[in-house]
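Each protein sequence line maps, in turn, to chains Y and E. For any residue, its number in my numbering is found by taking its place in the first sequence, counting from 1, and adding 6. For any residue, its number in my numbering is found by taking its place in the second sequence, counting from 1, and adding 194. Beta carbons are placed, not taken as given, at the ideal position from N, Cα and C, and that holds for glycine. Computed from a predicted structure; not experimentally measured.
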Amino acid sequence: DGGITQSPKYLFRKEGQNVTLSCEQNLNHDAMYWYRQDPGQGLRLIYYSQIVNDFQKGDIAEGYSVSREKKESFPLTVTSAQKNPTAFYLCASSMHQGVESNQPQHFGDGTRLSIL
Amino acid sequence: AQSVAQPEDQVNVAEGNPLTVKCTYSVSGNPYLFWYVQYPNRGLQFLLKYITGDNLVKGSYGFEAEFNKSQTSFHLKKPSALVSDSALYFCAVRAPESGNTPLVFGKGTRLSVIA
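And the structure:
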C-alpha cells in the first residue's frame with residue numbers, strides 16, 4: 007500500500023543529544039512537510055520541502071534541521087538547541103500540481119518524542 | 195496571509211443527533227479548504243475538500259461541509275453522529291495560486307459523541 011511511514015513511533019532524548027526522526031513516502035509526492043503538535047496548539051510547521059535538495063523554514067524551525075537528498079525521504083533532526091522537544095511530530099506529503107495545487111496533504115502516524 | 199479559526203475547543207453531541215464543527219477562514223481570493231480528523235496517537239486523515247463549484251461538499255464517513263463565501267466559513271456537518279466520530283477535527287486552508295505551500299491549520303476542535 008502507498009503511504010507515509012514515520013519511525014520510530016516513540017523516541018526518547020537525553021540532555022544534549024541530537025535525535026533523528028525518519029519519514030519515508032512511496033506516494034511519489036514532490037512536497038514533504040514536518041509539523042509539531044502540542045496539546046491545545048494545533049499543528050505548527052517546522053520545515054517543508056517542495057523538491058529534492060531544497061527546503062524552507064516554517065514557523066518554528068529553530069533547534070531543528072532537515073535534509074532532502076531523495077524524493078522519498080525527509081528526515082528531521084531535533085538538535086540539543088531545541089530546549090523543549092517533547093511533542094508529537096507529524097510528517098506529511100502532497101502531490102505537485104503546479105501553481106494551482108488543490109491536493110490535500112497526506113500524513114504519517116507520527117513520532118512521539120519525550121525527554122529522559 | 196491566510197488563517198483559520200475554529201472557535202470551539204470542544205463540541206459535545208448526543209449519538210444520533212446532528213453535529214456541526216465550525217471553521218472560519220481568512221485568505222485573499224478564492225480558498226482551497228480542507229477538513230481532517232485525528233484519532234488518538236494517529237496522524238491526520240483527510241475527510242473532504244472544497245475547491246470550487248457546489249457549496250456543499252460530501253466526504254468520507256458521511257461527513258459534509260458547507261462553503262459560505264459571504265461568511266468566510268466552511269463548517270463540517272453530519273446528520274447523525276456516531277460514538278466512533280469522537281476525535282479531534284482540523285480545518286485547513288491554502289491560498290489559490292500558492293503551489294505546494296503548506297496548508298494552514300486551525301487549532302482543532304475536539305468532538306465528543308455521547309451514547
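Asked                                                                                                                                                                                            : Found
To the nearest angstrom, how far is the alpha carbon of V277 of chain E from that of N90 of chain Y?                                                                                             : 35 Å
Out of Y:N32, Y:N34, Y:I66, Y:E78, which one is the CA nearest neighbour of D44 of chain Y?                                                                                                      : Y:I66
Need the endpoints of the beta strand (DSSP E) that T335 of chain E sits in, please.                                                                                                             : Outside the displayed range of chain E (195 to 309) lies residue 335 of chain E, so it cannot be described from this structure.
Considering only their Cβ atoms, is the gap separating G69 of chain Y from C97 of chain Y smaller than 8 Å?                                                                                      : no
Near F61 of chain Y, which residues of its chain fall below 6 Å by C-beta distance, leaving aside the five closest residues on each side in sequence?                                            : Y53, S55, V72, R74
With DSSP as the reference, label Y233 of chain E as helix, strand or coil.                                                                                                                      : coil
Return the CA-CA distance between L242 of chain E and S220 of chain E, expressed in angstroms with no decimal places.                                                                            : 19 Å
For P189 of chain E, which option in E:S264, E:G223, E:A289, E:H269 has the closest C-alpha, if you only look at C-alpha atoms?                                                                  : Given that chain E is displayed from residue 195 to residue 309, the structure contains no residue 189 of chain E and the question cannot be resolved.
Would you say the segment 17 to 32 of chain Y touches the segment 78 to 86 of chain Y, given that touching needs at least three Cβ pairs under 8 Å?                                              : yes
Listed from N- to C-terminal order along the chain, which residues in the segment 248 to 275 of chain E have their beta-carbon within a distance smaller than 7 Å of any beta-carbon of chain Y? : none
Does the structure place the segment 301 to 309 of chain E close enough to the segment 205 to 225 of chain E that three or more beta carbon pairs sit under 8 Å?                                 : yes
Applying the criterion that 16 or more other CB atoms from any shown protein chain within 10 Å of the CB defines a buried residue, is A309 of chain E buried or exposed?                         : exposed
Run down chain E in chain order and give the residues with a C-beta less than 7 Å from the C-beta of D115 of chain Y.                                                                            : R236, G237
On a Cα-Cα basis, can you pick out the residue from Y:S120, Y:L119, Y:M101 that is closest to G33 of chain Y?                                                                                    : Residue identity differs from the one stated: residue 33 of chain Y is Leu in this sequence, not Gly. Out of Y:S120, Y:L119, Y:M101, Y:M101 has the C-alpha closest to the C-alpha of L33 of chain Y.
How would you list, in chain order, the residues of chain E whose beta-carbon sits under 9 Å from the beta-carbon of G64 of chain Y?                                                             : P296
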